[in-house]
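Participant: Residue 1 in my numbering sits at position 13 of the sequence shown, with consecutive numbering throughout.
In this text, a Cβ means the ideal position worked out from N, Cα and C, and glycines have one as well.
Since the structure is predicted, the reported quantities are computational estimates derived from the model, not experimental observations.
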Amino acid sequence: MTRQTTRSAPSSVEVVTTLFVVLAICAAASAETSLTVVWSTTGHAASVQSVAFSPDGQRVASGGTSPDSAVVIWDAADGAPLATLPGHHAGVISVEFCGDGAQLAAGHVQIGDVYPVQSGVTYIWDLDSETVVDSFLGGFVSVDAAGGDVLSAGWGIVRDVGVHRVPGGQELADIYTGDYITAAALSADGAIAASGKYEGDVDLWSVSSESLMRTLAHGGPVRAIAFSPDDQYVATAGQGEGAVVYLWQPGTGALVRTLDAGDAYISDVAFSPDGQTMMAAVSTASFERRIRFWNVADGALLETLNPGDDVVNSVAWSPSAATIAYGLSNGEVVVARNPLMLAGDVNCDGLVDFGDINPFVAAITDEALYRATYPNCDPMYADVTGDGAADFGDINPFVALLLN
Ligand SMILES: [Ca+2]
Ligand SMILES: [Ca+2]
-11 MTRQTTRSAP
-1 SSVEVVTTLF
9 VVLAICAAAS
19 AETSLTVVWS
29 TTGHAASVQS
39 VAFSPDGQRV
49 ASGGTSPDSA
59 VVIWDAADGA
69 PLATLPGHHA
79 GVISVEFCGD
89 GAQLAAGHVQ
99 IGDVYPVQSG
109 VTYIWDLDSE
119 TVVDSFLGGF
129 VSVDAAGGDV
139 LSAGWGIVRD
149 VGVHRVPGGQ
159 ELADIYTGDY
169 ITAAALSADG
179 AIAASGKYEG
189 DVDLWSVSSE
199 SLMRTLAHGG
209 PVRAIAFSPD
219 DQYVATAGQG
229 EGAVVYLWQP
239 GTGALVRTLD
249 AGDAYISDVA
259 FSPDGQTMMA
269 AVSTASFERR
279 IRFWNVADGA
289 LLETLNPGDD
299 VVNSVAWSPS
309 AATIAYGLSN
319 GEVVVARNPL
329 MLAGDVNCDG
339 LVDFGDINPF
349 VAAITDEALY
359 RATYPNCDPM
369 YADVTGDGAA
379 DFGDINPFVA
389 LLLN
């Protein structure tokens, strides 16, 4: 009897093992997805500190630092500049659309005339007339889900958190925090204002009673705060000890989980419109710039994009989640595809196949019918070309996807 030393047919265990190795290699290879840029433009003379989509997804606003210190409004589909709102003071640090998208809140840094002290001021622009209709103390802005309540907080000597209703400017809260504020956010329902400190804690304030609800023990300087669309979570992120995204329950102050990729610092965080995905602009431990995506429910890192060498200061989701926008330290504004979105999967079952033909036809011909039939999907999944429009130009590329 000879010992069998030759390897003939692999056992099922070996096949399964090999398959797992191949899958693992594929998973590792897909961990950094190639970036699909829809458009990019150098619209600012200096660093873009903030970007935001309008509620209808048709416009993108960006705010730049000195010397232009301007807000530019772009066509979200192709990056055509629609308006430039002239600069004020030493730069724009924060922009959000408000008032159903008819207005824009822009937080500025201003330097005193007599003493060179910095403070923050927020201007409310009417976008039709391109005029300033209101102004509030504070440079970090955040808007509730309805778009009517505007938080403005902090910067320099301003240690206040204010909440005002637009249009009209009615004051809902004016809270003196006593702290050097480095980030702020308003909950989706407008009931809670969050302010982050350089020292590391994040305070949650009741807007109605103007009182401190609780303090979240975020470690290290806070650079970004965001509430999930259902206010189930508040995310805090920053640098130092806290170069991770913390997810807290605002109601109890409990730390639910942390999203950690070993990064050096995080510039910005944004929940996807459905609240299921967290996007963050990060610098890695070797100071490479990345945009990361995590699954909120279990903290799994889903995707990483490499946007180049310039710092990503700000990230934003389009309302449909088909695209993202980001602003760079070199003055560029970029709109790119959401890497988690499978173009052509128009019925959102995770596959691009013949089952997508009918929803594709509906998406490009009858959007109302499409939305009624697929309420949890989005017609932008039919935008196979990635030009921001789901239309007849997508037919041939969609057919090619089906046949390949
Ligand atoms: Ca499908
Ligand atoms: Ca298209």
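Mapping the DSSP letters down to three states, classify Ala388 as helix, strand or coil.
Facilitator: Within the sequence shown, residue 388 is the residue found at index 400, counting from 1. Reduced to three states, the DSSP call for Ala388 is helix.
Participant: What three-state label does DSSP hand Val9 in the structure shown?
Facilitator: Residue numbering aside, residue 9 sits at position 21 when the sequence shown is read from its first letter. Only weak support exists for where Val9 lies, its pLDDT of 41 falling under 50; the value from the coordinates is given anyway. In the structure shown, Val9 sits in a helix (DSSP, three-state: H, G or I).
Participant: Spell out a yes or no on whether the segment 324 to 340 and the segment 379 to 392 are touching, meaning 3 or more CB-CB pairs, one atom from each, closer than 8 Å.
Facilitator: At 8 Å Cβ cutoff, the stretches touch.
Participant: In this structure, does DSSP put Thr361 in helix, strand or coil?
Facilitator: Position 373 of the sequence shown holds residue 361. Helix.
Participant: Among Asp354, Gly178, Trp62 and Ala71, whose alpha-carbon lies nearest the alpha-carbon of Pro217?
Facilitator: Stepping through the sequence shown from its first residue, residue 217 is reached at position 229. Nearest C-alpha to Pro217: Gly178.
Participant: Would you list the residues whose beta-carbon is nearer than 7 Å to any heavy atom of ligand 1, in the order they occur in the chain?
Facilitator: Spelled out in chain order, the answer is Asp333, Val334, Asn335, Cys336, Asp337, Gly338, Leu339, Val340, Asp341, Gly343 and Asp344.
Participant: Here's the rule: buried if 16 or more other CB atoms are within 10 angstroms of the residue's CB, otherwise exposed. What is Ser308?
Facilitator: On the sequence shown, residue 308 is found 320 positions in, with the first residue counted as 1. When all chains shown are included, Ser308 counts as buried.
Participant: With distances taken from CA atoms, which of His76, Val323 and Gly296 is nearest His96?
Facilitator: Translated into the one-based positions of the sequence shown, residue 96 becomes position 108. Closest by alpha carbon: His76.
Participant: Let me confirm a value: Val25 is counted as buried when at least 16 other C-beta atoms fall within 10 Å, else exposed. Which label applies?
Facilitator: On the sequence shown, position 37 is the one that residue 25 refers to. It is exposed - the Cβ of Val25 has fewer than 16 other Cβ atoms within 10 Å.
Participant: Among the candidates Phe348, Ala40 and Leu204, whose CA atom is the shortest distance from the CA of Phe380?
Facilitator: Taking the sequence shown and counting its residues from 1, the one referred to as residue 380 is at position 392. Minimum Cα distance to Phe380 is reached at Phe348.
Participant: Taking 8 Å as the cut-off, decide whether the C-beta atoms of Met431 and Ile279 are in contact.
Facilitator: Only positions -11 to 392 of the chain appear in this structure, which leaves residue 431 out of reach.
Participant: Cutting at 6 Å between CB atoms, please list the residues of its own chain near Asp256, excluding the five before and the five after it.
Facilitator: For the purposes of this step, residue 256 is taken as residue 268 along the sequence shown, with counting starting at 1. Contacts found: Ala212, Ala269, Ser302 and Val303.
Participant: Would you mind reading off the limits of the alpha helix (DSSP H) that contains Ala351?
Facilitator: Looking up residue 351 in the sequence shown gives position 363. Ile345 to Thr353 is the span of the alpha helix (DSSP H), which, as asked, contains Ala351.
Participant: Tell whether a beta-carbon distance below 8 Å holds between Ala377 and Ala351.
Facilitator: Taking the sequence shown and counting its residues from 1, the one referred to as residue 377 is at position 389. Taking the sequence shown and counting its residues from 1, the one referred to as residue 351 is at position 363. No, these two residues do not count as a Cβ contact at 8 Å.
Participant: Closer than 7 Å: is that where the CB of Thr396 sits relative to any heavy atom of ligand 2?
Facilitator: Nothing in the structure corresponds to residue 396, since the chain is present only between -11 and 392.
Participant: Where does Asp382 land, buried or exposed, given buried means 16+ other C-beta within 10 angstroms?
Facilitator: On the sequence shown, residue 382 is found 394 positions in, with the first residue counted as 1. Classification of Asp382: buried, given that the 10 Å Cβ count is 16 or more.
Participant: Out of Ala360, Gly45 and Ser130, point me to the one whose CA is closest to Ser183's CA.
Facilitator: Within the sequence shown, numbered from 1, the residue matching residue 183 stands at position 195. With distances taken between Cα atoms, Ser183 lies closest to Ser130.
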